[in-house]
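Novice: Using the working numbering, the letters of the sequence shown correspond one by one to residues 935 to 1367.
Just so it is clear, CB atoms sit at the ideal spot from N, CA and C, and this is done for glycine as well.
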Amino acid sequence: MAWDFSTDPEFQAQLDWMRDFVRKEIWPLETLAEALDHDRLKRAYAPLQDQVRARGLWAAHLPPELGGQGFGQVKLGLMHEILGSSPFAPNAFGNQAPDSGNSEILALAGTPEQKERWLEPLLAGDIHSAFSMTEPDTAGSDPTLLKTSAVLDGGDWVINGRKWFSSNASIADFLIVMAVTDPDARPHQRASMLIVPVDTPGVNILRDVPTMEHPWEEYGKLGGHAEILYEDVRVPAEALLGAQGAGFLIAQHRLYPGRIHHCMRWLGVSARAFDMLCEYSLTRYAHGSLLSEKETVQNWIADSAAQMQASRLMTLHAAWVMDTQGASAARKEISMIKFFGAQVLHDVIDRALQAHGALGYSTDMPLEAMYRYARAARFYDGPDEVHRASLARQILRGFEAPADGVPTQHVPTRRAAARARFAHLLEAVTSND
Ligand SMILES: Cc1cc2nc3c(=O)[nH]c(=O)nc-3n(C[C@H](O)[C@H](O)[C@H](O)COP(=O)(O)OP(=O)(O)OC[C@H]3O[C@@H](n4cnc5c(N)ncnc54)[C@H](O)[C@@H]3O)c2cc1C
């Protein structure tokens, strides 16, 4: 009977340590981080990162030969649920996006020289990276439309184009740029990945785009989303990461596990908002009773708990399918958790914020920041609409329209068939009358 929801005791001890560490060491840092520039924040992180290394949890997403733990997706998922409770936690564990995904790409497709130059310092936490794919002028949800080009010229690649939302690019040392290298190839074989050091002439980092999450103009901070103009950027042929035309194939390897980690991190955020909802409902008194005694608030608590549990089980199941049958076997499950998880995240935070009234809307509580963060989840990593459509297509492959156009469950048709099939029984029953 291989149907087991338990965590092995040794790993549970690690999870318990992580939960305690994140609450005691990382949550307090959140309240100070705004006042720290990137260098000071780095110094604040250093002793925390040492503790994580000592515990053997640094860069756990990577295989052991690269200094990681070789955890499968289920273990990583459980870990990300805890780290997700704070936007500052993944950086203390060496698995913050986009460095975590980029290190996976380098581990998967990099040459020994690329690994030595970029992957090793990235894993050591000495440098930062960015993934530069989305463009302001083409639909990010359909990357076959990418316009940024890389053309071979005298043995060098020359890159031209405009990107935006390249997260962390303004503090990065190198960029992984997705560019069209084979415009005449089949749509999913047109693009390649190139490693571009950020100080290469022609790399113009124009700004960190203000967003709902960071609405004020800032530059050069962890978590910024840069707009970049690539103007005749010349990199050597060895900058190609993986095979020419393999950009999408490599990107898929990065995105599948990444979606599981996102969904589990969203559950970490939801759980924190949920705790605030429950706590405040036992504190606030209005119209003759505590909020916790009002049916609407009880419904919010119950619905949130049920949604989070559903999302958690769905996500861990997707992780289990990936661990046991490989990433492509989990396509359906991953699409399902992406849009379902994004909705749960939104709903739980929304209810917690509503219960707090003006306090929830104010920056005196972290709920308003969570709410702004949560909104993007519905379209990054593939808009929900695209995942829904993809899931529906996969499900519909298991169906076909009835040849005669009559629904299989049509009751009069089934009744007529049943009468024909059981005619002898019906006859016996009637003859007894
Ligand atoms: C916080 C954040 C961080 C990001 N980090 C990075 C990064 O590091 N690197 C990077 O390259 N990009 C990054 N992105 C960009 C992200 O990948 C894109 O926003 C995403 O791929 C969607 O692309 P788009 O914004 O161009 O929207 P579009 O593709 O223009 O889509 C707009 C809307 O159209 C609708 N739509 C699209 N297709 C369909 C369809 N088939 N059916 C129905 N409706 C549809 C959806 O509602 C969708 O939201 C980040 C974005 C955010 C918000």
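Is S1104 near D1166, with beta carbons less than 8 Å apart?
Specialist: In this structure, D1166 does not lie closer than 8 Å to S1104 by Cβ.
Novice: Give me the DSSP bridge partner(s) of F945.
Specialist: Beta-bridge pairing links F945 to no other residue.
Novice: In the DSSP output, which residue or residues are listed as bridge partners for F1108?
Specialist: S1063, P1131, per the DSSP bridge assignment.
Novice: Taking V1130 as the reference, give the member of F945, Y1153, L1163 with the closest Cα.
Specialist: Closest by alpha carbon: L1163.
Novice: Note the first and the last residue of the continuous beta strand (DSSP E) segment covering E1334.
Specialist: From DSSP, E1334 is part of no beta strand (DSSP E); its letter is neither H nor E.
Novice: Taking only three categories from DSSP, how would you classify G1018?
Specialist: Here G1018 sits in coil by DSSP.
Novice: Using only alpha-carbon positions, find the residue among R1199, P1021, S1215, G1136 that is nearest to V1278.
Specialist: The shortest Cα separation from V1278 among R1199, P1021, S1215, G1136 belongs to R1199.
Novice: In three-state DSSP terms, what is E1165?
Specialist: Residue state, collapsed to three classes: strand.
Novice: Measuring only from the beta carbon, is T1068 closer than 7 Å to any heavy atom that is part of ligand 1?
Specialist: Checking the Cβ of T1068 against ligand 1 gives yes.
Novice: Which same chain residues end up closer than 6 Å to Q1003 when comparing Cβ atoms and leaving out the 5 residues on each side of it in sequence?
Specialist: A994.
Novice: Under 7 Å from any heavy atom of ligand 1, does the C-beta of S1020 make it?
Specialist: No, Cβ of S1020 sits at least 7 Å from all heavy atoms of ligand 1.
Novice: Quick one: any contact between the stretch 1149-1158 and the stretch 1067-1085, if contact means 3 or more CB pairs under 8 Å?
Specialist: Too few Cβ pairs lie closer than 8 Å, so no.
Novice: What residues in its chain sit with their C-beta under 7 Å from that of T1145, if we drop five residues either side in the sequence?
Specialist: Taken in chain order, the residues that qualify are H1159.
Novice: For the structure I just gave you, are there three or more beta carbon pairs, one from the stretch 961-974 and one from the stretch 1031-1047, closer than 8 Å?
Specialist: No, because fewer than three Cβ pairs between the stretch 961-974 and the stretch 1031-1047 fall closer than 8 Å, the two stretches do not touch.
Novice: For A1310 versus E1147, is the C-beta spacing smaller than 8 Å?
Specialist: Their beta carbons are under 8 Å apart, which means A1310 touches E1147 by this criterion.
Novice: If you follow the alpha helix (DSSP H) that L1079 is part of, which residue opens it and which one closes it?
Specialist: From DSSP, L1079 is part of no alpha helix (DSSP H); its letter is neither H nor E.
Novice: If you draw a straight line from the C-alpha of R1218 to the C-alpha of L1225, how long is it?
Specialist: So the two alpha carbons sit approximately 6 Å from each other.
Novice: Hey, K1097 and T1068 are a contact pair by Cβ (cut 8 Å); roughly how many whole angstroms apart?
Specialist: Right, their Cβ atoms sit about 6 Å apart.
Novice: Between L1057 and L991, how many whole angstroms is the CB-CB distance? I'm expecting something under 8 Å.
Specialist: That pair is no contact at about 13 Å.
Novice: According to the Cβ coordinates, are C1197 and S1245 closer than 8 Å?
Specialist: Against a cut-off of 8 Å, the Cβ pair of S1245 and C1197 comes out as a contact.
Novice: For the alpha helix (DSSP H) containing W1234, name the first residue and the last one.
Specialist: First-last of the alpha helix (DSSP H) with W1234: 1229-1259.
Novice: Is any heavy atom in ligand 1 found nearer than 7 Å to the beta carbon of D1076?
Specialist: D1076 Cβ: within cutoff of ligand 1.
Novice: When burial is assigned at 16 or more other CB atoms within 10 Å of the CB, is F1333 buried or exposed?
Specialist: Classification of F1333: exposed, given that the 10 Å Cβ count is below 16.
Novice: Does the distance between the C-beta of A1125 and the nearest non-hydrogen atom of ligand 1 fall short of 7 Å?
Specialist: No.
Novice: Starting from the Cα of L982, find the closest Cα among L1140, S1262, K958 and give me that residue.
Specialist: Checking every option, the nearest Cα to that of L982 belongs to K958.
Novice: Y1314 by DSSP, collapsed to three states: which one?
Specialist: Y1314: coil per DSSP, three-state reduction.
Novice: Report the three-state DSSP secondary structure of N1094 (helix, strand or coil).
Specialist: Strand, per DSSP.
Novice: Quick check: is any heavy atom of ligand 1 less than 7 Å from the C-beta of V1111?
Specialist: For ligand 1, not one heavy atom lies less than 7 Å from the Cβ of V1111.
Novice: Under the three-state reduction of DSSP, which class applies to L996: helix, strand or coil?
Specialist: In the structure shown, L996 sits in coil (DSSP, three-state: anything other than H, G, I, E or B).
Novice: The alpha helix (DSSP H) spanning L1293 covers which residue range?
Specialist: Element bounds for L1293: 1265-1295.
Novice: Can you check whether the CB of N1036 is closer than 8 Å to the CB of I1093?
Specialist: The answer is no: Cβ separation not under 8 Å.
Novice: Taking C-alpha atoms, which residue in D1076, D1107, G1074, A1073 lies nearest to A1379?
Specialist: Nothing about residue 1379 can be read from this structure; the chain reaches only from 935 to 1367.
Novice: Which residues in the same chain as S1269 place their Cβ atom closer than 6 Å to its Cβ, once the five residues preceding and following it in sequence are excluded?
Specialist: Once the five neighbours on either side are set aside, the close Cβ partners of S1269 are H1321, S1324, L1325.
Novice: Distance, Cα to Cα, P1317 vs S1075?
Specialist: Whole-angstrom Cα-Cα distance: 7 Å.
Novice: Using the Cβ count rule (16 or more neighbours within 10 Å means buried), how would you classify W937?
Specialist: The residue in question, W937, is exposed, as its Cβ has fewer than 16 Cβ neighbours within 10 Å.
Novice: Looking at C-alpha atoms only, which residue of Q1243, E1267, S1101 is the closest neighbour of H1251?
Specialist: Nearest option by C-alpha distance: E1267.
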